[in-house]
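Engineer: Here it is: the structure, laid out below.
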Ligand code: GLU
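Numbering (the numbering used here), first residue to last: 7 to 499.
Here it is as structure tokens:
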């Protein structure tokens, strides 16, 4: 296969969401798979929607996901600049070429006139479209009006009759009647090119071979094809990706619904997914399968496997519902797939951000006993925070074991204290047999003996394995915590 040049061309207008992550991922996978370049192009021509910090968030998001680009605003490259706001002159030159060869024209219609045209069309139940008022103004006249300072836009001269056919790799030929299209504005009155023109010019100049983008561009897809043809350029291969639906499968998620999700520990924003303790590997795996599949059963993919197995032909254009339980599932799988050192590396910042002081050696002993139990990295705080705390919070009601009186619990815990105090260390090999002996001697159930000790030293009803936990906490702290539990039981605390 010929090397590909693909581009991820986000507009810095808000938070980086799953849709962007998926487009970037597919671009990256495709470029890696068949060889070629992955280009990052920032489409920041829409000044009104521009958001400070959004470009940085995109860059951070891509780095976090491991989707490294070959050319881009920060990296440079032979086809730069890669930020559209720095390419204004290029668009102006090409717009003028289109005007001179008759494929575009200056339009001087005022907003009031356009409003009136729309109203009349509505009254007559006609489709709303520009009425062509300025289509035939000779260029010399138009140029004079511009020199005189008349406000104007540039419109594409869409053919009025016949059909336009554009081809999407997943959907095949899309045929539209030209009368249903419009003479779209391609340069605004402030002289800035609109997406339609800027993206087509850039895709051509940057020698993009495949355009992967959201299906919100399907309605104006014929225009993009027509602009390429008006310049006499070869079109890239077009791929419009599937739409994401709400988890319910009913409709697209609104901005508000997206923001509300975070309260439930879920998000469609990449930055939040990171903060919620998801691994980039899991997010990539999850997102990859929202619109692509390898076969009907393989679900777990590392990045290497995705690169090896990815193909455009297996993309699916049908809408995909966002399924957060799947993300949890993948996250658990990818956490278990990490080496202990890698897990320690991922967990350290999570603990630190939660205010814990971390001892790497200790975390290295903890990681293997919690790895199986983590669904997100953040779960480690609730599950293993007690290892790093000076003191654990114990609720008296948790110490009260089923079918035991407070006196029985107290004397059992006292017995446990005596046993543990007599040991030189908390090594599993000596502690476990001694506690089993205690079960036999006292006649209580193992669940009662171990359960009581578990709560006393961890403060948790469900914790990592007890014996390993005792070893990591160490004798001094274990004794201290058991004593404190005794005080709580006897209401001294
Ligand atoms: N700037 C466009 C967007 O963010 C990019 C569309 C494309 O990839 O061509 O939607």
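For glycine and all other residues, C-beta sits at the position ideal for the given N, C-alpha and C.
Going by DSSP, name the residue or residues bridged to residue 56.
Structural biologist: Within the chain shown, the letter at position 50 stands for residue 56. The partner list for residue 56 (beta bridge, DSSP) is empty, contrary to what the question assumes.
Engineer: State yes or no: is the C-beta of residue 492 within less than 8 Å of the C-beta of residue 419?
Structural biologist: Here residue 492 is taken as the residue at index 486 of the chain shown, counted from 1. Here residue 419 is taken as the residue at index 413 of the chain shown, counted from 1. In this structure, residue 419 lies closer than 8 Å to residue 492 by Cβ.
Engineer: Quick check: does the Cβ of residue 201 come within less than 7 Å of any heavy atom belonging to the ligand GLU?
Structural biologist: Position 195 of the chain shown, counting from 1, holds the residue named residue 201. Checking every heavy atom of the ligand GLU against the Cβ of residue 201, one is found closer than 7 Å.
Engineer: With DSSP run on the structure shown, which of helix, strand or coil describes residue 115?
Structural biologist: Numbered from its first residue, the chain shown carries residue 115 at position 109. It is coil, neither helix nor strand.
Engineer: When you compare each of 194, 17, 433 and 324 to residue 110 by their alpha carbons, which one comes out closest?
Structural biologist: Locating residue 110 in the chain shown gives position 104, counting from the first residue. Among 194, 17, 433 and 324, the Cα nearest to that of residue 110 belongs to 194.
Engineer: Three or more beta-carbon pairs under 8 Å between the stretch 67-75 and the stretch 42-51, yes or no?
Structural biologist: Touching, per the Cβ criterion.
Engineer: Residue range of the alpha helix (DSSP H) that residue 405 falls in?
Structural biologist: Residue numbering aside, residue 405 sits at position 399 when the chain shown is read from its first letter. Element bounds for residue 405: 402-405.
Engineer: State yes or no: is the C-beta of residue 79 nearer than 7 Å to some heavy atom of the ligand GLU?
Structural biologist: Position 73 of the chain shown, counting from 1, holds the residue named residue 79. Residue 79: no, Cβ never under 7 Å from the ligand GLU.
Engineer: Return the residue from the list 415, 200 and 31 that minimises the CA-CA distance to residue 403.
Structural biologist: Indexing the chain shown from 1 puts residue 403 at position 397. It is 415 whose Cα lies nearest to the Cα of residue 403.
Engineer: Whole angstroms is fine: what's the gap from residue 464's alpha carbon to residue 478's?
Structural biologist: The sequence position of residue 464 within the chain shown is 458, counting from 1. The sequence position of residue 478 within the chain shown is 472, counting from 1. Spanning the two alpha carbons is a distance of roughly 12 Å.
Engineer: Consult DSSP for residue 467 and reduce its assignment to one of helix, strand or coil.
Structural biologist: To locate residue 467, count along the chain shown from 1; it is residue 461. Residue state, collapsed to three classes: coil.
Engineer: Below 8 Å on the Cβ atoms is my contact criterion, and I expect residue 291 with residue 351 to pass it. Report the Cβ-Cβ distance as a whole number of Å.
Structural biologist: On the chain shown, residue 291 is found 285 positions in, with the first residue counted as 1. On the chain shown, residue 351 is found 345 positions in, with the first residue counted as 1. Not really, about 19 Å apart at Cβ, beyond 8 Å.
Engineer: Is DSSP giving residue 446 helix, strand or coil here?
Structural biologist: Walking along the chain shown from the start, residue 446 turns up at place 440. Looking at residue 446 - three-state DSSP - the assignment turns out to be helix.
Engineer: Under 8 Å, do residue 244 and residue 268 count as touching if we go by C-beta distance?
Structural biologist: Translated into the one-based positions of the chain shown, residue 244 becomes position 238. Translated into the one-based positions of the chain shown, residue 268 becomes position 262. Result no, Cβ atoms of residue 244 and residue 268 do not sit closer than 8 Å.
Engineer: Around the Cβ of residue 90, are there at least 16 other Cβ atoms within 10 angstroms (buried) or fewer (exposed)?
Structural biologist: Residue numbering aside, residue 90 sits at position 84 when the chain shown is read from its first letter. It is buried - the Cβ of residue 90 has at least 16 other Cβ atoms within 10 Å.
Engineer: I need the straight-line Cα distance from residue 128 to residue 160, nearest angstrom please.
Structural biologist: Locating residue 128 in the chain shown gives position 122, where the first residue counts as 1. Locating residue 160 in the chain shown gives position 154, where the first residue counts as 1. So the two alpha carbons sit approximately 24 Å from each other.
Engineer: Check each candidate in 134, 180, 409 and 104 and name the one with the smallest Cα separation from residue 145.
Structural biologist: On the chain shown, residue 145 is found 139 positions in, with the first residue counted as 1. Minimum Cα distance to residue 145 is reached at 104.
Engineer: With C-beta atoms as the reference, is residue 205 less than 8 Å away from residue 97?
Structural biologist: Residue 205 sits at position 199 when you count from the first residue of the chain shown. Residue 97 sits at position 91 when you count from the first residue of the chain shown. Taking 8 Å as the Cβ cut-off, residue 205 and residue 97 do not qualify as a contacting pair.
Engineer: Hey, out of 318, 185 and 423, whose CA is closest to residue 489's CA?
Structural biologist: Residue 489 sits at position 483 when you count from the first residue of the chain shown. When each option's Cα is compared against that of residue 489, the closest is 423.
Engineer: Regarding residue 92 and the ligand GLU, is the C-beta to nearest heavy atom distance less than 7 Å?
Structural biologist: The residue given as residue 92 occupies position 86 in the chain shown. No, the beta carbon of residue 92 sits no closer than 7 Å to any heavy atom of the ligand GLU.
Engineer: Counting only the same chain and skipping the five closest in sequence on each side, list residues whose C-beta sits under 7 Å from that of residue 182.
Structural biologist: Against the chain shown, residue 182 aligns to sequence position 176. So the qualifying residues of the chain are 169, 170 and 228.
Engineer: Please state whether DSSP places residue 139 in a helix, a strand or coil.
Structural biologist: For the purposes of this step, residue 139 is taken as residue 133 along the chain shown, with counting starting at 1. If DSSP states are grouped into helix, strand and coil, residue 139 belongs with coil.
Engineer: If you draw a straight line from the alpha carbon of residue 166 to that of residue 184, how long is it in whole angstroms?
Structural biologist: As a first step, residue 166 is located in the chain shown; it is residue number 160 there, counting from the start. As a first step, residue 184 is located in the chain shown; it is residue number 178 there, counting from the start. Distance between the alpha carbons of residue 166 and residue 184 is about 6 Å.
Engineer: From the DSSP output, which residues share a beta bridge with residue 161?
Structural biologist: For this step, residue 161 is matched to residue 155 along the chain shown. DSSP, once it has assigned bridges, lists 111 and 191 as partnering residue 161.
Engineer: So residue 170 is in the beta strand (DSSP E); what residue range does that whole segment cover?
Structural biologist: Within the chain shown, numbered from 1, the residue matching residue 170 stands at position 164. Per DSSP, residue 170 belongs to the beta strand (DSSP E) from 169-174.
Engineer: Candidates 439, 108, 137 and 318: which alpha carbon is nearest residue 233's?
Structural biologist: Counted from its first residue, the chain shown places residue 233 at position 227. The shortest C-alpha separation from residue 233 is found at 108.
Engineer: How would you write the range of the beta strand (DSSP E) that residue 21 sits in, first residue to last?
Structural biologist: Within the chain shown, residue 21 is the residue found at index 15, counting from 1. It is not in any beta strand (DSSP E) - residue 21 carries neither H nor E in the DSSP assignment.
Engineer: From residue 65 to residue 203, what distance separates their C-alpha atoms?
Structural biologist: If you number the chain shown from 1, residue 65 lands on position 59. If you number the chain shown from 1, residue 203 lands on position 197. Their backbone Cα atoms lie some 25 Å apart in a straight line.
Engineer: Please report how far the alpha carbon of residue 252 lies from the alpha carbon of residue 353, in whole angstroms.
Structural biologist: Taking the first residue of the chain shown as position 1, residue 252 is located at position 246. Taking the first residue of the chain shown as position 1, residue 353 is located at position 347. C-alpha separation (whole angstroms): 31 Å.
Engineer: So residue 230 is in the alpha helix (DSSP H); what residue range does that whole segment cover?
Structural biologist: Looking up residue 230 in the chain shown gives position 224. Element bounds for residue 230: 227-237.
Engineer: For residue 278 and residue 236, what's the separation of their Cα atoms in angstroms?
Structural biologist: Here residue 278 corresponds to residue number 272 of the chain shown, with the count starting at 1. Here residue 236 corresponds to residue number 230 of the chain shown, with the count starting at 1. If I take the Cα positions, the gap works out to 43 Å.
Engineer: Where does residue 210 sit, in a helix, a strand or coil, going by DSSP?
Structural biologist: On the chain shown, residue 210 is found 204 positions in, with the first residue counted as 1. If DSSP states are grouped into helix, strand and coil, residue 210 belongs with the helices.
Engineer: Taking Cβ positions, are residue 85 and residue 212 nearer each other than 8 Å?
Structural biologist: The count along the chain shown starts at 1 and reaches residue 85 at position 79. The count along the chain shown starts at 1 and reaches residue 212 at position 206. Their beta carbons are under 8 Å apart, which means residue 85 touches residue 212 by this criterion.
Engineer: Out of 34, 29 and 24, which one is the CA nearest neighbour of residue 10?
Structural biologist: Counting from 1 along the chain shown, the entry for residue 10 is found at position 4. For the residues 34, 29 and 24, the minimum Cα distance to residue 10 belongs to 34.
Engineer: Starting from residue 276, trace the alpha helix (DSSP H) both ways and give me its first and last residue.
Structural biologist: For the purposes of this step, residue 276 is taken as residue 270 along the chain shown, with counting starting at 1. First-last of the alpha helix (DSSP H) with residue 276: 276-281.
Engineer: For residue 341 and residue 285, which I take to be in contact (beta-carbon distance under 8 Å), what is that distance rounded to the nearest angstrom?
Structural biologist: The residue you call residue 341 lines up with position 335 of the chain shown. The residue you call residue 285 lines up with position 279 of the chain shown. Yes, residue 341 and residue 285 are in contact; Cβ-Cβ is about 6 Å, under 8 Å.
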